[in-house]
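Peer 1: Have a look at the structure that comes next, please.
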Amino acid sequence: MTKLKYLVKMTPLNTYFFGGEKTFTTASGETNYFARSNRWPQQTTVLGLLRYLIGKTCEFDPAKIGKHSFIANADENEFGIITRLSPVFMVDAKGNFLLEAGTDYKKNKKTEKVERFNLKPSDNELVNFGVYGTAYKGAADAPNLTFDYKECMVSALRNNDTPDSDLIDPEKIFHEHSQVGNKKNYKGGTDEEAFFKQAFYRLEKNYAFAAIVETSANLPFSVEIETMGADQSLFRVDAELLQDKDTVFDEIEKENFLKTGSQRIVLLSDTYVEDSVLSKCKFSICNTTDFRNIVTHAVKTDKGEKTGNYHQISQEGKNPTNNAYKSNVKFNLLSRGSVLFTDQAQDVLSDLNNPNFKTIGYNYYQIIK
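For the sequence shown, this note's numbering begins at -9 and goes up steadily by one.
Quick look at the structure:
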C-alpha cells in the first residue's frame, strides 16, 4: 500500500472555540452560564475536518472517508485513505515544530523565561499535589522535586529542532477573549434568564495548529477555507506533501524504545490509559481531560439512512433522525503535557500503546531527560 505523508496546517482566521464536556449544554442536558473553549482541538475534530474536506470531493464515498467516525475501543476503525494521524502540535512562521515539553516547568518572575522545577523533596515527607493529580512518598519515590504552591506550573512548548534552547510559554501564543450576551427565545425576544459568558481563544500571529497525516492516496486539496470546532470558527487549511520518509514522530517512537531504566515520560497528546499505569510510576504530574466525541455513520444500521445534518447533534446520545449524535460514553484521558517518572519504562510504554487511539493521534509520548 502506498504511504504518503502530509503536513496539514490549520490557521484560525479569527477567534475560535473548541467545545469540550462543559459547554452551554452538557451531554446530560444541564445548562451552563459560562463556556470556555479548549486551547487545542481534539484529534477527532481534526479527523472530522479531514474526512469532510476529502468527502466533499467524492460525494462522501465511504471508500474514501470510511464508513463512520472514530468510535473508542471499537473492533475496527478505518477512515478511507487516511491511515494515520499524528498529535496536533504547533508550527511557527519559520516552520519550526513546537511540541509538548511537560508540565514540570514554571515561569521565572525576573527573566520571564520558562524553567524546569528544582527537584529536591523534603526527607520522607508525604506531599500531595491534589490539584495536579499526583502524590509521592519522600525522596526515595520522587525525582528530587521541590514545589512551591505559590508558583504556577506551566505546560511548556519546545522547538523540536533546538530542544535545549529557551522554552516557549503557551500564554504568549494562546490569547483568551471573552464575550457576554443574552440568548433570544424562540419568538425572537430576549430571555432574561439566558445571559451567558463565552471565552474564545486567538492564536498569536504567525502560529498555526498542525498535524502529520498519513494517507494511501493523494489528498484532493492543497488550500481550503473551512469551519472547525464550535460557532463556525473559520480556519485556513494547507496540505503539503512531505518528501522525507520519517517524520518527527517516527523518529521519536524509534528513540523511545531504545531507553530503559528510570525515565521521564512526557505525553505529547491526550492519552487513554488504565488507572493502573500510575502504580508503575514513582511520581507523576497529571492533569486529566474529558473525552466524548460526535459519532457519525455513513449508513445507519437500523433503517439504512445516511447521516446527514452533522451540526444538529442529539444531546440524548442517540440518533432519532438522520443527524449526528454525541457518544454516550465519556472517557477521562491524561492531558497532553502530563509527566510520568518511572523505573519501569517498558511496562509503562506497553500500557500507553493503545493502537485504536494511537491511529488518530492520541497516546503519543516522548522519553525526555
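Backbone N, C-alpha and C fix where the C-beta goes; we use that ideal spot for every residue, glycine too.
Values in this document were obtained by computation on a predicted structure and should not be read as measured data.
Return the Cβ separation of R192 and T349 in integer angstroms, given the expectation that the two are a contact with Cβ distance under 8 angstroms.
Peer 2: Not a contact, Cβ separation roughly 31 angstroms.
Peer 1: What does DSSP give as the partner residues of M0 in its beta bridges?
Peer 2: Per the DSSP secondary-structure output, M0 pairs in a beta bridge with F199 and V227.
Peer 1: Taking 7 angstroms as the limit between beta carbons, can you name the residues of its chain near Q253, skipping five residues before and five after?
Peer 2: Excluding positions up to five away in sequence, the list reads T332, A335 and I357.
Peer 1: Contact between the segment 19 to 38 and the segment 235 to 253 is defined here as three or more beta-carbon pairs at a separation below 8 angstroms; is this criterion met?
Peer 2: As far as the Cβ criterion goes, the segment 19 to 38 does not touch the segment 235 to 253, which means the pair count is below three.
Peer 1: Identify, in the order they occur along the chain, each residue of the same chain with its Cβ nearer than 7 angstroms to the Cβ of D337, setting aside the five sequence neighbours on each side.
Peer 2: K270
Peer 1: Exposed or buried, which one is I215 when buried takes at least 16 other CB atoms within 10 Å?
Peer 2: exposed
Peer 1: Can you tell me the Cα-Cα spacing of T247 and F69, whole angstroms?
Peer 2: The residue asked about is misnamed: residue 247 is Phe in this sequence, not Thr. Approximately 28 angstroms, taken between the alpha carbons.
Peer 1: Let me make sure I understand the geometry here. Which of A64, A62, F60 and R41 has the alpha-carbon closest to that of A53?
Peer 2: R41
Peer 1: Enumerate in chain order the residues of its own chain whose CB-to-CB distance from P210 is below 7 angstroms, with the five nearest sequence positions on each side excluded.
Peer 2: In the same chain as P210, and ignoring 5 residues on each side of it, the C-beta atoms closer than 7 angstroms to its own belong to I44 and T47, in chain order.
Peer 1: With a threshold of 16 other CB atoms inside 10 Å of the CB of N67, please say whether the residue is buried or exposed.
Peer 2: buried
Peer 1: Thinking just about the alpha-carbon of each residue, which of V329, A146 and E90 is nearest to the one in V267?
Peer 2: Taking the Cα of V267 as reference, the smallest distance to any Cα among V329, A146 and E90 is reached at V329.
Peer 1: Secondary structure at T34, three-state DSSP: helix, strand or coil?
Peer 2: helix
Peer 1: Return the CA-CA distance between M360 and D156, expressed in angstroms with no decimal places.
Peer 2: A question about residue 360 goes unanswered here, because the residues of the chain that appear run from -9 up to 359.
Peer 1: From the DSSP output, read off the bridge partner residues of Y6.
Peer 2: Y191
Peer 1: Quick check on T291: buried or exposed, where buried means 16 or more other Cβ atoms within 10 Å of its Cβ?
Peer 2: Reliability of the predicted coordinates at T291 is poor, the pLDDT of 46 falling under 50, and the value obtained from them is presented with this limitation in mind. The residue is exposed, with fewer than 16 neighbouring Cβ atoms inside 10 Å.
Peer 1: Which whole-angstrom value describes the C-beta separation of D259 and P77, a residue pair presumed to lie in contact below a C-beta threshold of 8 angstroms?
Peer 2: Note on identity: in this sequence residue 259 is Ser, with Asp being the wrong assignment. Correct: roughly 4 angstroms between the Cβ atoms.
Peer 1: Look at I55 and A207 and say whether their C-beta atoms are less than 8 angstroms apart.
Peer 2: For I55 and A207, no; Cβs fall outside 8 angstroms.
Peer 1: Taking Cβ positions, are L75 and R226 nearer each other than 8 angstroms?
Peer 2: A distance of 8 angstroms or more separates the beta carbons of L75 and R226.
Peer 1: Within 10 angstroms of its Cβ, does E295 collect 16 or more other Cβ (buried), or is it exposed?
Peer 2: Reliability fails at E295, whose pLDDT of 49 lies under 50, so the model's placement of it is uncertain and the value that follows must be treated cautiously. E295 should be labelled exposed.
Peer 1: Would you say R326 and E90 are within 8 angstroms of each other, going by their C-beta atoms?
Peer 2: yes
Peer 1: Just curious, the beta strand (DSSP E) that I215 is in, first and last residue?
Peer 2: Unbroken beta strand (DSSP E) run through I215: V213 to T217.
Peer 1: When the Cα atoms are used, what is the spatial distance from A62 to F281?
Peer 2: 10 angstroms
Peer 1: Can you give the Cα-Cα distance for V104 and T152, rounded to whole angstroms?
Peer 2: Rounded to the nearest whole angstrom, the CA to CA distance from V104 to T152 is 15 angstroms.
Peer 1: Nearest by alpha-carbon distance to K97: which of V81, D154, D159 and K57 is it?
Peer 2: D159
Peer 1: So Q222 and A25 are supposed to be a Cβ contact under 8 angstroms. How far apart are they, rounded?
Peer 2: The beta carbons of Q222 and A25 sit about 15 angstroms from each other, so the pair does not count as a contact at 8 angstroms.
Peer 1: Given G120, which residues of its chain have a CB within under 6 angstroms of its CB, disregarding the five upstream and five downstream residues?
Peer 2: A caution first: G120 carries a pLDDT of 36, below 50, which makes its placement in the model unreliable, though a value can still be read off. Nothing listed; no residue qualifies.
Peer 1: First and last residue of the alpha helix (DSSP H) that includes F347?
Peer 2: P345 to K348
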